[in-house]
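The sequence shown begins at 2 in this note's numbering and counts up by one.
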Amino acid sequence: MNFRKFLSKGVSLKKQAPGWPEDGPISPCLRKLADTIQAESPDEMGIQSISAVGADLARIYAGRSLRVLFVDTGGSGVAPWRGLIILDTELRGEGQVKSPGTLAMISHELTHLLQREINQSHYWPSGGLRPALGRRWVGDSTNYMEVLSYIVGWTVEHDFTAARMGAAGRTDRENARDKRTLERIKDRLATLTGTDPRNACRLVVKIFPDNAVYRQNLDLENRIPDGRIPPGSWHSWLQQMGFSRQAIDHIMILASQGSPELIELDQIT
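The following block contains the structure:
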């Protein structure tokens with residue numbers, strides 16, 4: 002680690018109080034997630050959310066508090082245990098709303114915190130200290146947790162990417178790139194929301210083959226009969242976390258427009 006760079010970027014720990022306070026460390030992100038637009042379709046008159054999923058997250062966290070640690074992470078985010086997310090220092094203030102991708106990443110981590118609140122140690126670990134053979138003693142997680150967080154994060158990215166397409170000042174090349182992003186996300190959602198949750202977990206590892214945490218989870222979960230995948234559907238768990246039927250229906254519609262992928266275990270091991 003480059004400690005000089007680490008220290009030069011600074012370290013700060015701040016509390017996000019309920020209600021999106023002006024000085025809240027992730028209030029810019031929550032306010033952006035709640036943004037609305039004028040509906041263009043005759044069947045959808047009036048004002049609507051840019052992202053039903055993002056608006057749900059903003060609503061959920063309007064009534065919650067959490068702590069945000071800003072530190073040099075190389076651009077990534079982490080939700081190591083209940084009530085805390087770690088974000089790169091570049092994501093302070095307006096940096097967290099600079100692109101659909103940054104909104105997606107923060108939404109992903111906020112979803113992890115909702116999972117950790119369930120606090121069922123086998124399926125939904127809180128991340129706190131829990132000595133156990135074969136798994137992390139601190140920051141324990143599962144690849145199914147990642148599946149749900151990517152469903153939320155990538156849907157947010159899709160919606161905010163779609164909202165900017167065709168905007169004044171955007172080039173044909175930029176719009177073409179955004180179109181490819183939308184198609185890629187739909188394909189991923191088709192796999193993540195499929196009938197085989199183990200296949201969905203394998204997709205996460207395939208997309209991020211160098212992620213040591215995902216690989217450690219895979220090794221452990223392949224030795225456990227239930228793969229640490231809780232009973233019930235992905236949408237029932239999102240509902241339990243507070244997501245609306247409207248948001249879940251939107252995810253289903255996007256997933257139905259994509260092409261699911263079957264990933265064999267030998268493709269990722």
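All C-beta atoms, glycine included, are put in the ideal place defined by N, C-alpha and C. On a predicted model such as this, the values are computed, not experimentally measured, just so you know.
- Excluding sequence positions up to five before and after Gly-25, its CB lies within less than 6 Å of the CB of Gln-17, all in the same chain and listed in chain order.
- The residue from Leu-104, Tyr-62, Lys-33 with its alpha-carbon nearest to that of Ser-50 is Lys-33.
- Excluding residues up to 5 positions away in sequence, Ile-86, Glu-110, His-113, Leu-114 lie with their Cβ nearer than 6 Å to the Cβ of Ala-80 in the same chain.
- Beta-bridge annotation (DSSP): Gln-121 is paired with Trp-125.
- Here Phe-161 carries a helix assignment [DSSP, helix/strand/coil].
- According to the DSSP assignment, Ile-252 belongs to the alpha helix (DSSP H) that extends over 246-257.
- Distance from the Cα of Ser-237 is smallest, within the candidate group Ala-248, Pro-19, Asp-188, Gly-228, for Ala-248.
- Scanning Asp-141, Pro-19, Phe-244, Ala-59 for the CA closest to the CA of Glu-222 turns up Asp-141.
- Note that the segment 115-129 does not touch the segment 160-175; fewer than 3 beta-carbon pairs, one per stretch, sit closer than 8 Å.
- Under the 8 Å Cβ criterion, the segment 179-191 does not count as touching the segment 228-243, having fewer than three qualifying pairs.
- Counting the other CB atoms within 10 Å of its CB gives Leu-14 a total below 16, which places it among the exposed residues.
- Beyond the five residues adjoining it in sequence on each side, Val-139 comes within less than 6 Å, by CB distance, of Leu-130 in the same chain, given in chain order.
- Thr-37 carries a strand assignment under DSSP once its states are collapsed to helix, strand and coil.
- Sorting Ser-150, Gly-76, Arg-229 by C-alpha distance to the C-alpha of Ile-252 places Ser-150 at the top.
- Residue Trp-21 holds the alpha-carbon nearest to the alpha-carbon of Arg-65 among Pro-29, Ile-107, Val-54, Trp-21.
- Restricting attention to Ser-108, Cys-202, Thr-196, the CA atom closest to the CA of Arg-60 is found in Ser-108.
- Distance from the CA of Pro-261 to the CA of Arg-189, rounded to the nearest whole angstrom, comes to 7 Å.
- Of the other Cβ atoms in all chains shown, 16 or more fall within 10 Å of the Cβ of Arg-117; this residue is therefore buried.
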